[in-house]
Structure formats: C-alpha cells, structure tokens
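Asker:
In our numbering, the protein residues as written are 2 to 79.
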C-alpha cells in the first residue's frame, strides 16, 4: 500500500493514504524513515500479529473473570 507525506506540521507528518488520498492520518516524524519530507511516497505494510492477538484474548478473558467475581462478591480478587 502506498501513501504520500502531504505536509509536515511541527513534529507530525500528515499522510494521505489511498488511490486518491482519501484517507488522512497524522504520524510522528520520529516513526518515519530518517530524512522523510513532504512529497515522499511511503510503502505501508499491514500484517496480523497472531501472537499478540492470542495474548490480548487471554488478558481480556482473565479481566472478565475478575469482573464476574467482583460482581458476585463486590471485590476484585487477584
């Protein structure tokens, strides 16, 4: 996927994404490759992180269990 740096505003780059630049987002310059400037075209890659997804599901499940216990007793137990 390609994006273009539309402009720099302080420590943020305004980036346009999509065939016609229909999506706009701001990103800190420190996250972009060194020397990035207005008009630069960026390659953007998105991928699933299955490990992080599983860890998040486990953490949420644990929190839900604690909330259910709290609902029954009025206190959260670790």
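Glycine included, each C-beta is placed from N, C-alpha and C at the ideal position.
Just so you know, these numbers come straight off a predicted model, no measurement behind them.
Assess, as a yes-or-no matter, whether the segment 29-36 is touched by the segment 45-65 under the definition of 3 or more beta carbon pairs within less than 8 Å.
Answerer: no
Asker: Got a sec, what are the start and stop residues for the beta strand (DSSP E) residue 13 sits in?
Answerer: 13-18
Asker: Could you give the DSSP three-state label for residue 10: helix, strand or coil?
Answerer: strand
Asker: Does DSSP put residue 92 in a helix, a strand or coil?
Answerer: Outside the modelled stretch of the chain, which goes from 2 to 79, sits residue 92, for which no answer is possible.
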